[in-house]
Structure formats: structure tokens, C-alpha cells
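Engineer:
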Amino acid sequence: MTNQKPPSLLRDKYFRYVTGLSILVIVLGLYSVLSPQDLLQNPNWELFTTSVEAATIIIIVAIATWRWGIKLSMLWASGILITGMLLLVTIGIFEPIILILVLVTLGASWLVSLIIHNHSRIISHEEELNQILSMIRDINHHITHIDNEEELMERVCERLVYAGRYQVAWIGYAPPDQLVVEPRYHAVNGQSRLSTEKCPAQHCLHLPGEPIQQAIKSRSLIVVPDIQTQPADNSAPHCQHCHSLLCSPIDFGNELLGILCVYSNNPDVFGREEVSLLREVSQDISLGVEKIRHRQEIAKTETRMKEERDKAQLYLDIAGVIIVILNADETISQINKRGCQILGYEYQEIVGQNWFEKFIPGYRRLIKRSMYKQIISGKADLPERYMDVILTKNDQEKVILWHSTAIRNKDGQIVSILYSGEDVTELKHTEEALRMSEEKYHTLFETMAQGAIYVNDKGTIIETNPAANAIFGKHESELLGTNIADPARTYVHEDGSIMPPGENPVIVALKTGKAVRNVFMGIKNNRSDDIRWVNLFALPLFHINQENSYMVYTTFTDISRLKNARDALTRSENRYRSIFETAASIIISFDPNGIINDCNMRIEEILGYTPAEILGTNFLDIIEDSFREEIRKHIASLNQGDIIYNKDCRMLHKDGQYRDVMVNCSTLIDEHGIVLNEICIITDITQQKQTNYALIASEEKIRSMFNGVNEGIVVMDAKGYITEINQTMLKMNHCTSKDQLIGRHGLEFIVPKDREEARAYLTQADHLNEVRNLELRCLRSDGTEYFSQISGAVLRGYAGEIQGIIILSVDITERKQMEQQLIMTDRMASVGELASGLAHEINNPLTGIVGFSELLLMNELEESIKEDIQTIHREALRAAEIVRNLLTFARQHTPTREAGDINLSIHKVLELRKHDHRINNIRCLTDLDPDLPRVMLDFFQIQQVLINIIINAEFFLRLKDHPQITIKTSQHNGHVIISISDNGPGISPENMKRIFDPFFTTKEVGKGTGLGLSICHGIIEEHHGKISVESTLGNGATFRIELPFADIKPASPADGLNQTAG
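Using the UniProt record's numbering, the letters of the sequence shown correspond one by one to residues 1 to 1062.
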């Protein structure tokens, strides 16, 4: 603390008093020494003067010490005494006794000075403490009236400096959980309040030992005795104006708000009273901040509440029903316009009034108020909907149909109730409704299936109904007036133990004043001597403004049958649990939202989860994504009556892999049709699936092989009906769909002549155990024939019974054709060798005939003889030409193609057939285009085609009266056209379809092989040409051959080829 500067000594009245007394002492001392002799010899005089001088000096010392301090007072006393001794020495009357008196006087003065100095310090300190107390009172006054936190801090700092006379006071905020502080408000002695000088606290935040940080950390007050004596710290300069420091944390609830630091330039350390008072200041600051923030929060809350209240009032006023809010103390806190209209009062006349006193009729007031208190206290349930009577301003009763809603605080306690009501006075007459209500109550009490009794505050039964009498096994008269807890009655707990009287639920409700609900207990029936199990409900009733219950209403529901059923259910559940836990499959139960609420231990074995890990999770979370949507839809459809569900799906194992499972679900519903749970039995079919996949893969492999082989495969049942065929068989039979063959008998596709052999082959099933081939002529779906080589095997069941036959069929038509062609080639080769031998044998005599006839013609002969010889020569030449053509036709050669004249080929063929035509009287007409271009051909193959066609025509013309063959050639679109026509019997439409098929013939057996036209068709196609036939039955046939031009110029016209033969 700082001391006030003393006024000027000359102007100080005490200085003048001391000076006067000092002069008086000196004068008195001189007078005592210079007094008359008689006085000097009088010992009393010397004692008197010495005493007066000593007393005066002590008074001087006392005044000086009290006013200026002990040093100045002793200096003053010493000066007086020394001055006196000097005067005595001067006048020559100094004695040693005088020195002793002076020293004694100085000692006494020193003692008096010390006493007065200490007393002065005590008084001064008390004055300072009184000033600080006054300051604290002033601070408290400011804290009470200041609404701004910043202004509060500034005022506290100012008051500490200017009223408490400290050097510096500052307040800093401390961030949470940090040992740092930020000075925010300060005041310095001697500075203006608006001074911008930097706060000295900035230089003192890093004092050695960090007292400020220590105070924050320990959250306790710390005093630094003399900060000037602290060792130097180069990181932070010393505070220049302060001697001691006090740091007091400011606690805000359980948190640290900041710190109050006070610096003093008084060398003395802060006293215990100062420390206590400054601690109170920091506490007052905390309280002030709390009040300010609390008032600010209240202001914000009140603003929000007013806005919400205004909004709610708007909604209330819009409503067409009466809306009232009753507080717990029965007063009205809010009502809407409709309510004011019904009650006939203004809003201000209603709000704050007691609802039951002003608006409930007297005959209903007591019971309604009691019920309301029970509801507010939580001892009774709030009815959601009921009908009651209210009074209007003109004492008119109105019947209101009320709907009620409880408004609760954060602890769940009812603080008010919102009532919304509709005026139904016109529908229900109040008195009639109340009377009927009373009658219904009495009737209900007497006829209700539940036992009901009323027990007074002494525990005495005062009313019972017949159902209660039956439960106790006594008449009503035997129960009335007895105590409910009478030891003679037997009550048992649910576990069968005897219930002491003090634990009787009715007595508990009486003592506690709280409702006792759903107590399962047994009551011994005196008539049947058995235990009746009941569900007891005890409700205490209260008078208005009474805390103790005056009556308990108790109901007993006889649940003996229910308990027996529940015991049976428990046994059933135990059996179910045994089956549940030992089942080989997973059993899971989940609610309609899919949340799993039960599962057995098998889930850990199959899916890796423990029951604890899976309970509470969603069933869909362990279903593979591809199945999840379908199962989610099933769960969503539970309320729509879908109670059975079977599905194969995949479920997630704990290791991240998926397992194949079969899910069988059924829905558990109660008697009202409400879904309770879904029970799923999940069977691991991973191994089965893998086996099925392997089987499917094997079947697919076999099917691929079945359809991919080049041989036709037919599967028939034991009766020979086709059940399956492969694609090769479809193509072999010229079919596009399996439906064309499946279901038909296999023998339908065998040529009739071969069916018996085929039937014998199929019926002798035992023979099929060995590989055996059979060649048959088969029929395609379009009726055409083909040769097939078949082999078969028997299909047997597990018992060895024959279930079917599998036939492997190979189309050997081409092979048969090649075999016949090879036979014909061999035959033709033999014919050629024979023709060659015959030609050589014939040529030799023909050479002689030609030669000798030419020699004869060289002689002069008679005309008749000469003509005969010429005939012989001409016919011999013709015979030689025929032999030469026969040699050419029969000679073996390698097929070669070269540009040739088709007309020349026709001429050569006609030369070969001329003799047969003449013998059979066949007329052959030709119409050959002389400008035909050459074609690339094999002369011998084209000659073979023409001979085959002409020979066929000759065969069918043998019975014709005027047989005729016409051969024409022409050119069209780059092709040479050869047309060979006859006037024979023609070809039927059925035979037209098969005319070029191998081995098809209409000739008698032995007359033809059926390969001629087929070979012709092949030769023409090899020449890149076309061959076709046109015929009408009875009008002959025309074969048309088209051959492409060769890329050379046409040959010169052949003269003499257009002729008529025959």
C-alpha cells in the first residue's frame, strides 16, 4: 500500500505544540537549576521539576511518534536533552547526575515511542482494512448493478487501485486446459482510465518460478513476498513498480475463468486479512460474471420463449376448439380465443385463475381436483379422451369432450397438461351423463370380472365386489371390517414363498402413497384351499391438499389359468430351446425390421459368427448383394400375410467368403395378425451346390459332346419312342426342330423293307451290350432315302432295368455311292477291256475287206458289181468308224479339261447310238447352234453324261409307237444350253423330287442301279454347270444342261452336223 504525503511541518499544528512543549522543558530545566537556594535545598522541588520535565519530554515523544514516526520523535527528544545539557555546561553547573537523568529520560522516551508507534501501526492497518472492506462493498454494489462483463472487470481493477490504493491490478482470461493467461483488463495507480500505456502485467508474466502459471495450474491463491528480490531472468524484464504480488484464480463453476493479479509497492507482504479479502474479491468477480451471463442467457431465453409463445398463441387462436394449458398448481397458463368465447371471459380474466375453483362445478370439483393431482404426481395415468362439464361466466354448464396431453420436463415429470376440447353440450345433457356415469360405475364395480376392494388408511376392507369375494373364498360380510394384512390370510410371492404382512402391496401403497402395479402374487382361497394367482394393482386416493392417502383402490385379476398356461409355455420354451440349440441348421429370429434378436450356436460353426456378434445386427447385412433386394421385399411384405418363404441364396462368412445356403422362413404372428418375428432355418448347402455345379458342368460337357459329334445320336425309351436327338441327327433328317422327331417311334424313319431287321435289332437288347453295326436304309422327314450305319447301347437304371436305348447313326450314303461307282468303274473297265479286244479282232477282217474292196474298185467292173463292191467298202468303213468310237469310249483316261465344241461331242455320241436308234426305230432330231462358243470340258465325262441321258430316253421310248429324241443347243447369258427331249411317258411329281438321288430308279430290278443320273448331276456340277429336268406325266421329259463359256473365241461352224438321224 502507499502512504499519504504528510503536510508541511510549519503548517502542522502538532509541530507547533511539540515545539512549544520543548521550549517549556528547556525553560523549566534552567529555572530549576537557577531557582533560589531555599528551593534548591528542598528535595520536593527538585523531584517536582524533574518529574515535570520528564513527563513533558514523554508527551513530546508521544506526539512526535504518533505524528511522524519513532525516528523523528527520538531525534526530537534527543535534541531537547542535548540542548539542555549544553546550556548547563555553558553556565558551568553540569553534574554527572544530570547525565544519568538524561539517559533515563531517553530510555523512557524510547519505550513510550515504541509503544505509541506499534499502536499507531495497528490503528493505521485497521483503517486500511476498513478501506478495503468499503472497497469490497463498493465492488459488490457494482457487481449487483453492472450488466456488462467487460465493464465489471474494468470497474473491479479501478476500485482495487483507486480505492484499495494498490499499485497495479489486472484480470486475465485463461484458455481451458492451458497454463497461459491473456491480460484483458487492468488499472495502474497514477494513470488515467483511458491511458493506452501497455499493461505492466505483460512484463511480469514470466517471473522466475512462474507464480501466475502455478496459480492457474493449482487453482489456488499464491503470494510472491518481494518480486524485487527475485533472481534476474534475461527472458523477461523485472516489473519496475511493484514489490509484492498476489495471484488469485477466478473459478467459474468447475472451470477456470481467469486470474486476478494485484501488485503492491508496500514493502510489507500482503497480510492474512488482505489475502482473505482479495480471495473474496475474485470469488465476487466469479459470481458477478455468473450473474451477468445468467441474466444474458435468461434474456435470450425469454426472447425465444416470447417468440415461441407468440407463435403458439397464433396457432391456438386459429384452432376451432377450446385449448387450455393447466400448470401443476391448477392455474391456467394459456387459453385460446375459442376457449375465451366458450367460457365468456376475456383473456386477462382467465389466465392465472384456478381452473377447478372457477370453471368446474362444485359437485365435480373434489373428484376432478383429486384426479388431477394424482395425474400430476404420476400416480394415475392421464386419460387421452374423456367428457366433462365446465362452468361459463353466466353459470351455464357446458359439456366438453376433452383430449389431453402431458407436458413433461427433462426429468420426465409432468409440469403442465394441454387440454383441447370440443363443446358437445348439445349432444350430451350434463346431468344425465353424470347420473349414467355413476350408475355405470356401480354396475361395473359389481359385475367386473376383476376382483376390486376399497381399503381405508388403517388397512381395513370397507367395500368388495363379488369377483374379489370369489378370489378370497369368503362372503362379503366375512371380509368387510377385516384388515387386508391379517396374518390369518395367506399371501405368497410368485416364487411360492410366503409374503410377510409388511410387503403386502396394499400396505405398501398406503405407506408410500404411490401406485403399485402388476404385482404377481398368490392368495389362498378359503373354500377350495388352493392358491389363486392374481395380478394386483393398488392405487392410493388422496383428499385435496392432503399428502397422506385416505384410501386404496385395489383390483385383482385372476390369472391362475394364465399362470398355468405360462408354466406350460415355459416348459414348451425349454423344449424349443433344446431343439433350437441342438439343430443341425442355423436358426435365426429377427423382427419385422430385419434386426436379429435370437440365434443358435450353429451359426458360429457354419458362418463363423458368435451369437453375441450377430445379435442386434440386420439380417440383410449377411446376405449377398444379388439376393438382398428380394429378401428385403420379403421382409417388407410380412405385414401383407406372406408367411412362408423358401429361397436358395448366399450368405457372408466371417472370413469374407460366401456360403451357399437354403433359407426356409416362416412368420410368427399373434392372434391379432400382427407380425412378431420371422423364424428362418438356414441350411448350409455349399457342398451340395458344388456337387450340383459339378454335375451341371458334367452334363453340359456331355451335352456339348452330344451335340458336337459328327454322328447322329438318338435316345429312345424302352418302347422305342424318341426322347432326345442331337443336332447332327437333325441335319441328317433335314429337320429344323427337335419337336419334329421327339415323341415319334424310331421305326417310322426306317424304309419299310428294312423295318423287320431293325425291330429285331432293337428288341434284342442284350445284344446291344456288345458293339454291333447294322446298315439300314432310312427315311428323312421329307421322304428321301439315305443309307445309315447304326450301333446301339442299352440305358439301364439303378436296379439294372432297361430304361432306354441310345443309337449312334452314321450317314453312309456317299460311301455306298462310291462303292457302287467303284463297282461300275470296275465293270466299265472290264467292258472296255472286252471292247478293246473285240475291236482289234474286228479291225483285222475289216482291214482286209476295206483293202480288198478298194483293190476291186480299181479294176474295170460291171456297174452292178461295182455298186455292190462300193457298198461293201462304205459299210466296212462305217464299221471301222464304229469300232474306233467304241475304242475311244472304252479306253481308260485321266480326267482333263480343255476348250471343246459341245456340238462335236453330241455328234460323237449320236454316232455311237445310231445303230440302236435304227434298230428300235427311234427318230433323233438335232437343232445345233453353229455359232456356239467353246466350253471348258472333259470330253469323255460330257460324253458319258449325254450317253446316260440318251440311253434313259431310249429305255422309256421302247413301247412308244413313234419314239423321238430331240437335241438342241443354244447360248444364253454366258452359258451353252443343251436340251434333250423325248416323247416318252414322262416323270411323276413324286419321282421328280428324287430324280437325281443316288440309287433312285424306276426301272425294273436288274435294269438299272439308280446311279446314272446321280453321277451325271455330279459331273455337271464339277463343270460349274447346272442340270435340271422338266416333265409332265404322259408328255415326255426334257433334260436341260447349262455349261459356262470358255474364255476363247468360238470354233468355226461344223458343217453337216445338223441332220436327221434314224
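All residues carry an ideal CB built from backbone N, CA and C; glycine is no exception.
On the DSSP letters alone, give me the boundaries of the beta strand (DSSP E) that S666 sits inside.
Structural biologist: For the purposes of this step, residue 666 is taken as the residue at position 666 of the sequence shown. It spans 658–669 - the beta strand (DSSP E) in which S666 sits, taken as one unbroken run.
Engineer: Rounded C-beta distance between F1045 and V976? I'm assuming under 8 angstroms.
Structural biologist: Translated into the one-based positions of the sequence shown, residue 1045 becomes position 1045. Translated into the one-based positions of the sequence shown, residue 976 becomes position 976. Confirmed, Cβ separation roughly 7 angstroms.
Engineer: Helix, strand or coil: which one does DSSP assign to Q450?
Structural biologist: Translated into positions along the sequence shown, residue 450 becomes position 450. In the structure shown, Q450 sits in coil (DSSP, three-state: anything other than H, G, I, E or B).
Engineer: From the DSSP output, in three-state form, read off L1043 for me.
Structural biologist: Sequence index remark: in the sequence shown, residue 1043 carries index 1043 (1-based). Of the three classes helix, strand and coil, the one that applies to L1043 here is strand, per DSSP.
Engineer: Just reading off the alpha helix (DSSP H) that L957 is part of, what are its end residues?
Structural biologist: Against the sequence shown, residue 957 aligns to sequence position 957. Run containing L957: none; DSSP gives neither H nor E here.
Engineer: Given a threshold of 16 other Cβ atoms within 10 Å of its Cβ, counted over all protein chains shown, does Q892 qualify as buried or as exposed?
Structural biologist: As a first step, residue 892 must be located in the sequence shown, where it is residue number 892. Interpretation of Q892 is limited by its pLDDT of 48, a score under 50 that renders its predicted location unreliable; the figure taken from the coordinates is listed afterwards. So Q892 counts as exposed.
Engineer: Run through the DSSP bridge pairs and tell me what V188 is partnered with.
Structural biologist: For the purposes of this step, residue 188 is taken as residue 188 along the sequence shown, with counting starting at 1. DSSP output for V188 lists V168 as bridge partner(s).
Engineer: May I ask whether a heavy atom of the ligand NAP can be found less than 8 angstroms away from the beta carbon of I332?
Structural biologist: The ligand NAP is not part of this structure, which contains no ligands at all.
Engineer: Evaluate contact between the region 938–957 and the region 978–988, counting only Cβ atoms and requiring at least three cross-stretch pairs below 8 angstroms.
Structural biologist: Segments in contact, yes.
Engineer: Considering just the uninterrupted stretch of the beta strand (DSSP E) at E785, what are its terminal residues?
Structural biologist: In the sequence shown, counting from the first residue as 1, residue 785 sits at position 785. Note, E785: beta strand (DSSP E), 785–796.
Engineer: My understanding is that I682 touches V663, with C-beta atoms under 8 angstroms, so please give their C-beta distance in whole angstroms.
Structural biologist: Translated into positions along the sequence shown, residue 682 becomes position 682. Translated into positions along the sequence shown, residue 663 becomes position 663. That belief holds up - the Cβ atoms of I682 and V663 are roughly 5 angstroms apart, short of 8 angstroms.
Engineer: Between which two residues does the alpha helix (DSSP H) holding A509 run?
Structural biologist: On the sequence shown, position 509 is the one that residue 509 refers to. Counting along the chain, the alpha helix (DSSP H) containing A509 begins and ends at 505–512.
Engineer: Whole alpha helix (DSSP H) runs in the region 466–553 with 4 or more residues, listed along the chain?
Structural biologist: Within the region 466–553, the complete alpha helix (DSSP H) runs of at least 4 residues are 466–472, 476–479, 505–512.
Engineer: At the level of alpha carbons, what is the spacing between P592 and L562?
Structural biologist: By 1-based counting over the sequence shown, the position of residue 592 is 592. By 1-based counting over the sequence shown, the position of residue 562 is 562. In a straight line, the C-alpha of P592 is about 27 angstroms away from that of L562.
Engineer: Is the Cβ-Cβ distance between F619 and G594 less than 9 angstroms?
Structural biologist: Along the sequence shown, one-based indexing puts residue 619 at 619. Along the sequence shown, one-based indexing puts residue 594 at 594. Cβ distance < 9 angstroms, so F619 and G594 count as in contact.
Engineer: Does the distance from the C-beta atom of S370 to that of F542 stay below 9 angstroms?
Structural biologist: Counting from one through the sequence shown, the residue named residue 370 turns up at place 370. Counting from one through the sequence shown, the residue named residue 542 turns up at place 542. It is a contact, given that the beta carbons lie within the stated cut-off.
Engineer: Between the Cα of G848 and those of L245, E863, A880, R219, spot the shortest distance and give me the residue it belongs to.
Structural biologist: Along the sequence shown, read from residue 1 onward, the residue named residue 848 stands at position 848. That would be A880, whose Cα lies nearest to the Cα of G848.
Engineer: Alpha carbons only, please: which of G378, T691, S1014, V552 is nearest the one belonging to E814?
Structural biologist: On the sequence shown, residue 814 is found 814 positions in, with the first residue counted as 1. If we check each option's Cα against that of E814, S1014 comes out closest.
Engineer: Can you name the start and end residues of the alpha helix (DSSP H) that A694 belongs to?
Structural biologist: Here the question's residue 694 lines up with position 694 in the sequence shown. Its alpha helix (DSSP H) spans residues 686–708.
Engineer: I'd like the span of the beta strand (DSSP E) that includes L401, first residue to last.
Structural biologist: Position 401 of the sequence shown, counted from the start, is the residue given in the question as residue 401. Run containing L401: 397–408, per the beta strand (DSSP E) assignment.
Engineer: By a C-beta neighbour count over all protein chains shown, 10 Å radius and 16 as the cutoff for buried, is E1042 buried or exposed?
Structural biologist: Counted from its first residue, the sequence shown places residue 1042 at position 1042. Per the 10 Å Cβ criterion, buried.
Engineer: Opposite P249 in the DSSP bridges: which residues?
Structural biologist: Counting from 1 along the sequence shown, the entry for residue 249 is found at position 249. According to DSSP, which records beta bridges pairwise, P249 is partnered with I259.
Engineer: Take G473 and list the residues in its own chain whose beta-carbon comes closer than 7 angstroms to its own, dropping the five residues that flank it on each side.
Structural biologist: The residue given as residue 473 occupies position 473 in the sequence shown. Within the same chain, G473 has close Cβ partners N525, N526, R527, S528.
Engineer: Starting from S981, follow the alpha helix (DSSP H) in both directions and report where the run begins and ends.
Structural biologist: Here residue 981 corresponds to residue number 981 of the sequence shown, with the count starting at 1. That residue, S981, is in no alpha helix (DSSP H); its beta strand (DSSP E) goes 975–982.
Engineer: On the DSSP bridge assignment, give the partners of P183 in chain order.
Structural biologist: Residue numbering aside, residue 183 sits at position 183 when the sequence shown is read from its first letter. DSSP, once it has assigned bridges, lists G172 as partnering P183.
Engineer: Under 9 angstroms between the Cβ atoms of residue 1089 and K993?
Structural biologist: Residue 1089 lies beyond the stretch modelled for the chain, which goes from 1 to 1062, so this question has no answer here.
Engineer: Which residues share a DSSP beta bridge with H972?
Structural biologist: For the purposes of this step, residue 972 is taken as residue 972 along the sequence shown, with counting starting at 1. H975.
Engineer: Assign G851 to one of three DSSP states: helix, strand, or coil.
Structural biologist: Mapped onto the sequence shown, residue 851 falls at position 851. Three-state result, G851: helix.
Engineer: DSSP state of Y363, grouped into three classes?
Structural biologist: As a working note, residue 363 is residue 363 in the sequence shown. Looking at Y363 - three-state DSSP - the assignment turns out to be helix.
Engineer: Let me know if L668 comes out buried or exposed under the rule of 16 or more other beta-carbons within 10 Å of its beta-carbon.
Structural biologist: For the purposes of this step, residue 668 is taken as residue 668 along the sequence shown, with counting starting at 1. Flag for L668 reads exposed.
Engineer: Below 9 angstroms between beta carbons: does that hold for S970 and F939?
Structural biologist: Mapped onto the sequence shown, residue 970 falls at position 970. Mapped onto the sequence shown, residue 939 falls at position 939. No, they are not a contact pair.
Engineer: Beta-carbon within less than 6 angstroms of V552's beta-carbon, same chain only, minus the 5 sequence neighbours each way: which residues are those?
Structural biologist: Locating residue 552 in the sequence shown gives position 552, counting from the first residue. Closer than 6 angstroms at Cβ, skipping near neighbours: V455, V506, A509, L510, A538, P540.
Engineer: What does the alpha-carbon distance come out to for the pair I559 and H493?
Structural biologist: In the sequence shown, counting from the first residue as 1, residue 559 sits at position 559. In the sequence shown, counting from the first residue as 1, residue 493 sits at position 493. The alpha-carbon atoms of I559 and H493 are separated by roughly 14 angstroms.
Engineer: Measure the Cβ-Cβ separation of R602 and F627 and say whether it is below 9 angstroms.
Structural biologist: Numbered from 1 along the sequence shown, position 602 holds the residue referred to as residue 602. Numbered from 1 along the sequence shown, position 627 holds the residue referred to as residue 627. In this structure, F627 does not lie closer than 9 angstroms to R602 by Cβ.
Engineer: In its own chain, which residues sit with a C-beta less than 6 angstroms from the C-beta of Y645, not counting the 5 before and 5 after it?
Structural biologist: To locate residue 645, count along the sequence shown from 1; it is residue 645. Excluding sequence neighbours, Y645 sits near H634, C665.
Engineer: Is I790 closer than 9 angstroms to R796 when the C-beta atoms are compared?
Structural biologist: For the purposes of this step, residue 796 is taken as residue 796 along the sequence shown, with counting starting at 1. For the purposes of this step, residue 790 is taken as residue 790 along the sequence shown, with counting starting at 1. Against a cut-off of 9 angstroms, the Cβ pair of I790 and R796 comes out as no contact.
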